[in-house]
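This report refers to the structure that appears directly beneath it.
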Amino acid sequence: MSLSASSVVLCRAPFGFPAGLPDWPRRAISLTRDFLDALVALKLLDRHDGRYCNTAETDLFLDRGKPTYVGGLLEMANSRLYHNWGLLTEALKTGRNQAEAKGSSDMFAALYADPKRLRGFLAAMSGSSLAPAQAIAAKFPWQNYKSFVDIGSAQGMLPATVARAHPHLSGAG
Numbered sequence: 111m112s113l114s115a116s117s118v119v120l121c122r123a124p125f126g127f128p129a130g131l132p133d134w135p136r137r138a139i140s141l142t143r144d145f146l147d148a149l150v151a152l153k154l155l156d157r158h159d160g161r162y163c164n165t166a167e168t169d170l171f172l173d174r175g176k177p178t179y180v181g182g183l184l185e186m187a188n189s190r191l192y193h194n195w196g197l198l199t200e201a202l203k204t205g206r207n208q209a210e211a212k213g214s215s216d217m218f219a220a221l222y223a224d225p226k227r228l229r230g231f232l233a234a235m236s237g238s239s240l241a242p243a244q245a246i247a248a249k250f251p252w253q254n255y256k257s258f259v260d261i262g263s264a265q266g267m268l269p270a271t272v273a274r275a276h277p278h279l280s281g282a283g
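The numbering used here applies: residue 111 is where the sequence shown begins, and numbers increase by one.
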């Protein structure tokens, strides 16, 4: 997703959008038609007779209340990655880290020291793990097994996806 498209997607968060659509008619007044039309152009919303609604994909992947939510990756990109890419020239000039571990050689120690950033990072890893987890759940011959363990599973996207798809399994992660 491009920077401009990601920026449009990310600026919806303070409004509780798209999960906030049940009360959309009341809230639409506060949002501009241009913003909503930008979301239509990005295929994140549909517009019918002047009313806006989620696309099927937006409903599936950008609703925080669903296990298929992948927005954590976009949120991490917005809060960490885009800023860090802006520091690339300085990193190339100095040869020094410009990201959260600035002044340190251990990025993960810096990440784990900040609970808010760590939560964002883990949510991003879960979001980026959904498609591979679905493929593993669908393609691996799970019928031949009774249990599994996913070592280093972060928030557990893989074991949760596999367990939902194969209720006969006992698993951990």
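Yeah, the Cβ is synthetic: ideal placement off N, Cα and C, and Gly gets one too. The structure presented is a predicted model; accordingly, all values stated were derived computationally and were not measured.
DSSP, reduced to helix, strand and coil, places S257 within a strand of the structure shown.
Sorting Q265, L232, S263, W252 by C-alpha distance to the C-alpha of A275 places W252 at the top. Excluding five sequence positions before and after S189, the CB atoms of its chain that fall closer than 7 angstroms to its own CB belong to G230, given in chain order.
In this structure, the straight-line span from the alpha carbon of D156 to that of C163 is close to 5 angstroms. Excluding residues up to 5 positions away in sequence, D260, S263, G266, P269 lie with their Cβ nearer than 6 angstroms to the Cβ of G283 in the same chain. In this structure, S238 lies away from L184, with their beta-carbon atoms at least 7 angstroms apart. Here the alpha carbons of L149 and V119 stand approximately 8 angstroms from one another. Annotation for N194: the continuous alpha helix (DSSP H) segment containing it runs 192 to 196.
In terms of Cβ geometry, G182 and A234 form a close pair [threshold 7 angstroms].
DSSP places Y162 inside the beta strand (DSSP E), whose first and last residues are 161 to 164.
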